[in-house]
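Residue numbers (our numbering), protein chains in the order written: chain W, 77 to 284; chain S, 77 to 284.
Cβ atoms here follow ideal geometry from the backbone N, Cα and C, with glycine treated the same way.
To start, the structure under review is shown below, and the notes come after it.
2 protein chains.
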Amino acid sequence: MSMVETKTRILDAAEGLFARQGYLGTSLRQVTGEAGANLAAVHYHFGSKETLLQSVLERRLLPLGAEREAELNRLLVRMESGEVVEVETVLEAFIGPTMRLCESSARGAEFSLLVGRILADPGGPGQEMFAELVGPNIELLLRALQAVLPDLDSELLLWRVHFCLGAMSHSLCLGHLPGFQGLVPQSVDTQTVLGRLIPFLTSGLEAP
Amino acid sequence: MSMVETKTRILDAAEGLFARQGYLGTSLRQVTGEAGANLAAVHYHFGSKETLLQSVLERRLLPLGAEREAELNRLLVRMESGEVVEVETVLEAFIGPTMRLCESSARGAEFSLLVGRILADPGGPGQEMFAELVGPNIELLLRALQAVLPDLDSELLLWRVHFCLGAMSHSLCLGHLPGFQGLVPQSVDTQTVLGRLIPFLTSGLEAP
DNA sequence: GTCTATAGATAGATAGAC
DNA sequence: GTCTATCTATCTATAGAC
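Below, the structure is given as structure tokens:
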């Protein structure tokens, strides 16, 4: 039994298990088992399994969203004052916080896998929570990219942003993909991924 | 009760339900309910829930894989004879069969959603089946792209192909994403998606 | 706050009649 | 091949002692 309080241990265990096995693939008994807590403690602290997921998401996404919002707003202000900003810079403002979270700890990296799962689970629990937590960030990203690429049709831009989100979430899951014998890249450290993802997405966004 | 045999009705129902609700989110009772069949019929025809998923995947992916293999091999032969082939052409050979399946019927479109789910479910059932069914296609895609982009480092190419797969699978799920108030593109017909995806991916692959 | 014990519902799988 | 009936296991959730 660790020194941190039960509530935090449950959050940590749920985050890892939801990420590795999915929300439906994880039972609350597994969570309490890994957390060294009791089944009833989950309902006492969080109310239900779904509310537990909400808490897991909010713990990471609220600060992450604030960081992204600050960075993107800073860029928007600079652009309004006439300064020229590159597409790469905008993308980095959006992806950077996520990548730094991945680097900061093994838990952070697992969390990004959970986000990837939720993105690919239409209608599932977490999708609505995610939309509410990250939607404003995506709107800001769209505004910033539109300002950098003023000649790009806005609906085409929207599509391309979704292509970017797909590439992002998929590559964040890659380190965990088994079975693709030799078809998964060796180096999966986030610095390398970011260094390869940003140029790819930039060229895609700037396509004619 | 329809005219088609029970086995096919079960396959159809399972395909749609697995796609809309996920594998774990779907019970065999839901499948038999929608198929107008009995619970025991699933075990008689398919053995288990997991084998049912395998059959669902194989029914579409075996012909799809053969089509992709034929198209990509045709391109490789043309390139070996010295002919110049564009990146767009290689991508279309890989994505085209999937897109045509999506257009052919509502069931085909749902199937692509199921594939997107499986791609984002590391360690889940279906991941290994998918790798075995589609892995050879991805190897062919890599060979064809490497031939078209000989100066690109092979591991960088591998990463970029994974970015492409992520963008593909995510955009195939998009029509079903609720909740992203106004953040989801209007037109989701596959022709439009293909027309916007291919240039995006081509520019990304050709990035410096 | 944390525990035991259990309720109540539902899951996949199977046996055996027809 | 298709059905009913049932087994066994597991799930979320809750009531109540401490």
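The three-state secondary structure of S:TYR99, taken from DSSP, is coil. Proximity to S:THR268 across S:ALA223, S:MET175, S:THR108 peaks at S:MET175, based on C-alpha coordinates. Inclusion of S:LEU209 and S:LEU137 in the CB contact set at 8 Å is warranted, their separation being smaller than that value.
When C-alpha distances from S:GLY202 are compared across S:HIS238, S:VAL118, S:LEU129, the shortest belongs to S:LEU129. Closer than 8 Å at the C-beta level to chain W, one finds no residue of the region 103 to 125 of chain S. Close to chain S, meaning a Cβ-Cβ distance shorter than 8 Å, are the following residues of the region 187 to 199 of chain W: LEU189, GLY192, ARG193, LEU195, ALA196, ASP197, PRO198, GLY199. The beta carbon of W:LEU140 is closer than 6 Å to those of PRO173 in its chain, skipping five residues each way along the sequence.
With its beta carbon less than 8 Å from one in chain S, W:SER279 belongs to the interface.
Within the same chain, LEU228, SER230, LEU233 come within 8 Å of S:GLN222 by CB-CB distance, once the 5 residues on both sides are set aside. The closest CA to that of W:VAL166, considering only W:ALA182, W:GLU179, W:ASN149, is found on W:ASN149.
The C-beta of W:VAL80 has fewer than 16 other C-beta atoms within 10 Å across all chains shown, which makes the residue exposed.
Apart from the 5 residues on each side of it in sequence, W:LEU217 sits with its Cβ closer than 6 Å to the Cβ of PHE170 in its chain, given in chain order. Counting other Cβ atoms within 10 Å of its Cβ, S:GLU179 stays below 16 and is therefore classed as exposed. Residue environment analysis places S:VAL153 among the exposed positions, since fewer than 16 neighbouring C-beta atoms fall within 10 angstroms of its C-beta.
Per DSSP, the unbroken alpha helix (DSSP H) holding S:GLN222 starts and ends at 203 to 224. Straight through space, the alpha carbons of W:PHE187 and W:CYS249 are spaced by roughly 10 Å. DSSP, reduced to helix, strand and coil, places W:GLN130 within a helical segment of the structure shown.
Ranking S:ARG219, S:GLN97, S:PRO261, S:LEU225 by CA distance to the CA of W:HIS238 puts S:PRO261 first. Contact between W:ALA95 and W:THR108 fails: their C-beta atoms lie close to 17 Å from each other, not under 8 Å.
Under the three-state reduction of DSSP output, S:ALA116 falls in the helix class. Secondary structure note for S:GLN106: its alpha helix (DSSP H) is the uninterrupted segment 104 to 111.
Around S:CYS178, no beta-carbon contact reaches into chain W at under 9 Å, the shortest distance being about 15 Å. In the structure shown, the three-state DSSP call for S:VAL269 is helix.
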